[in-house]
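Report on the structure given below.
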Amino acid sequence: QPPISTPRRSDSAISVRSLHSESNMSLRSTFSLHEEEEEPEPLVFAEQPSVKLCCQLCCSVFKDPVITTCGHTFCRRCALTSEKCPVDNAKLTVVVNNIAVAEQIGELFIHCKYGCRPAASSKNPAFEVDPRGCPFTIKLSARKDHESSCDYRPVRCPNNPSCPPLLKMNLEAHLKECEHIKCPHSKYGCAFIGNQDTYETHLETCKFEGLKEFLQQTDDRFHEMQVAMAQKDQEIAFLRSMLGKLSEKIDQLEKNLELKFDVLDENQSKLSEDLMEFRRDASMLNDELSHINARLNMGILGSYDPQQIFKCKGTFVGHQGPVWCLCVYSIGDLLFSGSSDKTIKVRASLFHAPSAFARGTEAEFVCGVGGCCFLKFPPKNPVWDIQNLQKVNTIRAHDNPVCTLVSSHNMLFSGSLKAIKVWDIVGTELKLKKELTGLNHWVRALVASQNYLYSGSYQTIKV
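Per the UniProt record's numbering, the very first residue in the sequence shown carries number 1; after that it's consecutive.
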């Protein structure tokens with residue numbers, strides 16, 4: 001390998017430090033962002049830059065210049081690692097980028113980094129011009145474009161990493177003499193390695209050479225499949241993200257729905273309370289209307305005075321217990337009264353003292369039919385002659401106590417536990433005609449009209 005020859009350059013080039021001074025090293029060590037230390041990039045200016053383009057904290061040319069609250073310009077890193085301005089001792093706070101200064105610095109000419117080397121006489125990491133390197137000077141703003149295509153850029157041999165480092169401009173000559181040229185089909189398994197002459201001979205006998213079109217098509221197809229898989233992976237990732245968003249929306253909708261259900265239940269409870277209150281108010285209004293109508297009717301008929309309608313003409317006494325029932329026999333002007341003292345008393349007229357008969361069990365109801373008095377005595381019904389008040393017959397009617405009796409159209413109706421019996425009256429005898437069942441409790445009351453029989457039991461009236 002021949003040595004690399006480069007043209008001579010003028011000695012007017014001046015090296016300028018690219019990193020911070022030693023006095024700022026302690027500040028950099030406490031940098032709040034904890035950025036890793038970057039390797040110093042060679043920075044050698046072709047001409048001495050103006051002092052106005054140098055930072056007063058690091059004494060180097062501005063790097064990413066920013067304006068602080070005090071109005072001065074510093075490097076961004078210097079402004080973030082320093083607490084006070086060295087000019088007016090004000091607190092440093094970054095406000096905005098100084099674009100004008102950055103553009104001025106970008107117009108400065110520098111030497112290509114492949115034409116620089118570390119300065120041997122400097123303690124600090126400074127650089128100087130390397131006479132064997134790239135001879136070009138470029139604008140600082142165009143540095144990356146030049147250095148990416150610079151002929152003095154170090155490269156590696158594509159055939160074998162064991163080859164010594166090369167410059168880009170010497171790569172083509174090296175490839176002609178390289179002893180480590182691989183077969184183009186090495187990726188398919190060919191193990192050939194040689195120089196240019198043996199390479200051409202090998203291609204004529206390589207078993208993969210005849211299949212190169214098929215192998216190329218296979219590679220293309222494989223590449224297409226990789227692209228399709230990458231696209232599918234992107235679609236799957238997108239669908240997963242959409243699924244996650246939909247799940248979040250569903251969760252949010254469920255929460256909103258629960259809140260709405262709670263509000264609905266609350267409103268329903270309020271409506272129920274309002275409805276009950278409305279019904280109470282309506283009932284009170286109906287009562288008031290009824291009261292007003294009654295007063296209006298009384299105003300037409302005259303003022304209501306119970307003493308003017310009902311007057312007590314006398315008081316009957318004689319029973320030893322509560323009177324449970326009364327019955328008037330109009331033909332003989334008789335009043336029958338039944339009491340819990342197990343007696344029935346008969347008054348010949350409303351103004352005569354009563355005579356007692358029918359002692360025994362408790363009497364609850366009496367009725368008169370054709371001159372006979374049918375009395376209720378559980379569980380038998382005795383028959384009494386009203387004319388002489390003598391018992392003429394006793395009839396076994398029910399298995400349980402008889403609670404009520406009523407007569408109509410020469411028939412007798414008797415009520416007991418969950419049953420009503422209908423009897424034909426034949427003299428002092430009773431002939432069972434029919435038994436009515438299906439009642440829910442004791443039959444406590446019976447009323448017979450022209451065509452209907454009404455029965456009263458627990459909370460129920462049946463016709």
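Beta carbons are placed, not taken as given, at the ideal position from N, Cα and C, and that holds for glycine. Since we're looking at a predicted model, the values are computed, not measured.
Note down the Cα distance separating residue i from residue j, rounded to an integer number of angstroms.
i: Ala142; j: Cys157; result: 27 Å
i: Thr343; j: Ala294; result: 42 Å
i: Ala445; j: Val263; result: 52 Å
i: Gly318; j: Ala282; result: 49 Å
i: Val463; j: His398; result: 21 Å
i: Arg28; j: Gly133; result: With a pLDDT of 37 at Arg28, under the threshold of 50, the modelled position of that residue is not reliable, and the figure given next carries that caveat. Whole-angstrom Cα-Cα distance: 32 Å.
i: Ser455; j: Lys418; result: 11 Å
i: Glu204; j: Thr198; result: 10 Å
i: Cys312; j: Leu285; result: 36 Å
i: Ile105; j: Glu172; result: 37 Å
i: Ile193; j: Gly115; result: 35 Å
i: Gln450; j: Lys345; result: 30 Å
i: Asp220; j: Gly189; result: 18 Å
i: Glu213; j: Pro161; result: 29 Å
i: Ala100; j: Ser247; result: 50 Å
i: Cys58; j: Ala79; result: 10 Å
i: Ser269; j: Leu275; result: 10 Å
i: Gly360; j: Phe316; result: With a pLDDT of 48 at Gly360, under the threshold of 50, the modelled position of that residue is not reliable, and the figure given next carries that caveat. If you take the alpha carbons of Gly360 and Phe316, they lie about 22 Å apart.
i: Ile461; j: Tyr452; result: 13 Å
i: Cys403; j: Gly427; result: 23 Å
i: Ser50; j: Glu107; result: 12 Å
i: Glu47; j: Glu179; result: 45 Å
i: Asn159; j: Ile181; result: 5 Å
i: Gln231; j: Ile110; result: 45 Å
i: Val44; j: Arg117; result: 10 Å
i: Leu436; j: Leu405; result: 14 Å
i: Val129; j: Glu83; result: 36 Å
i: Leu253; j: Gly244; result: 14 Å
i: Ile292; j: Asn256; result: 52 Å
Which two residues bound the contiguous beta strand (DSSP E) that contains residue i?
i: Cys116; result: 116-118
i: Tyr454; result: 453-457
i: Lys426; result: The amino acid at residue 426 is misidentified as Lys; the sequence shows Val. Taken as a continuous stretch (DSSP letters only), the beta strand (DSSP E) holding Val426 covers 411-426.
i: Gly438; result: 429-442
i: Ala90; result: Run containing Ala90: none; DSSP gives neither H nor E here.
i: Thr198; result: First-last for Thr198: 196-205, but that is the alpha helix (DSSP H), not the beta strand (DSSP E).
i: Phe336; result: 334-339
i: Glu47; result: Where Glu47 is concerned, there is no enclosing beta strand (DSSP E), given that its DSSP letter is neither H nor E.
i: His111; result: 109-111
i: Phe192; result: It is not in any beta strand (DSSP E) - Phe192 carries neither H nor E in the DSSP assignment.
i: Val406; result: 404-408
i: Phe127; result: 127-129
Along the alpha helix (DSSP H) that carries residue i, what are the first and last residues, could you check?
i: Cys157; result: Where Cys157 is concerned, there is no enclosing alpha helix (DSSP H), given that its DSSP letter is neither H nor E.
i: Ala173; result: 171-177
i: Leu80; result: 76-81
i: Glu147; result: 143-148
i: Val101; result: 99-106
According to the neighbour-count rule (16 or more other Cβ atoms, all chains shown, within 10 Å of its Cβ), is residue i buried or exposed?
i: Lys113; result: buried
i: Tyr458; result: exposed
i: Pro42; result: buried
i: Ala237; result: exposed
i: Lys187; result: exposed
i: Ala90; result: exposed
i: Lys421; result: buried
i: Asp151; result: exposed
i: Ile250; result: exposed
i: Val328; result: exposed
i: Arg240; result: exposed
i: Val227; result: exposed
i: Ser60; result: buried
i: Leu92; result: buried
i: Thr81; result: buried
i: Arg77; result: buried
Cutting at 6 Å between CB atoms, please list the residues of its own chain near residue i, excluding the five before and the five after it.
i: Cys163; result: Cys157
i: Leu326; result: Ser337
i: His174; result: Leu166
i: Asn267; result: none
Give every residue of the same chain whose Cβ lies closer than 7 Å to the Cβ of residue i, excluding the five residues on either side of it in the sequence, and list them in chain order.
i: Met25; result: At Met25 the pLDDT is 36, less than 50, meaning the model places this residue with poor confidence; the figure from the coordinates comes in the next sentence. Cβ within range, chain order: n/a, list empty.
i: Ile67; result: Thr73, Val95, Val96, Asn98
State the CB to CB distance for the pair residue i and residue j, rounded to an integer number of angstroms; the pair is presumed to be in contact (CB under 8 Å).
i: His185; j: Phe208; result: 4 Å
i: Lys63; j: Cys75; result: 5 Å
i: Asn400; j: Ser416; result: 5 Å
i: Lys431; j: Trp423; result: 6 Å
Return the chain-ordered list of same chain residues with a C-beta closer than 8 Å to the C-beta of residue i, the five sequence neighbours on each side being excluded.
i: residue 473; result: The question about residue 473 has no answer here: the residues shown for the chain are numbered 1 through 463.
i: Val369; result: At Val369, the pLDDT of 44 sits below 50, so the modelled position is not reliable; the number obtained from the coordinates is stated separately. Same-chain partners within the cutoff: Ser407, Asn410, Leu412, Ile425.
i: His146; result: Cys112, Phe136, Ile138
i: Val87; result: Gln56, Cys70, His72
i: Val155; result: Pro165, Leu166, Leu167, Lys168, Leu171
i: residue 488; result: This structure leaves residue 488 out entirely; the chain is present only between 1 and 463.
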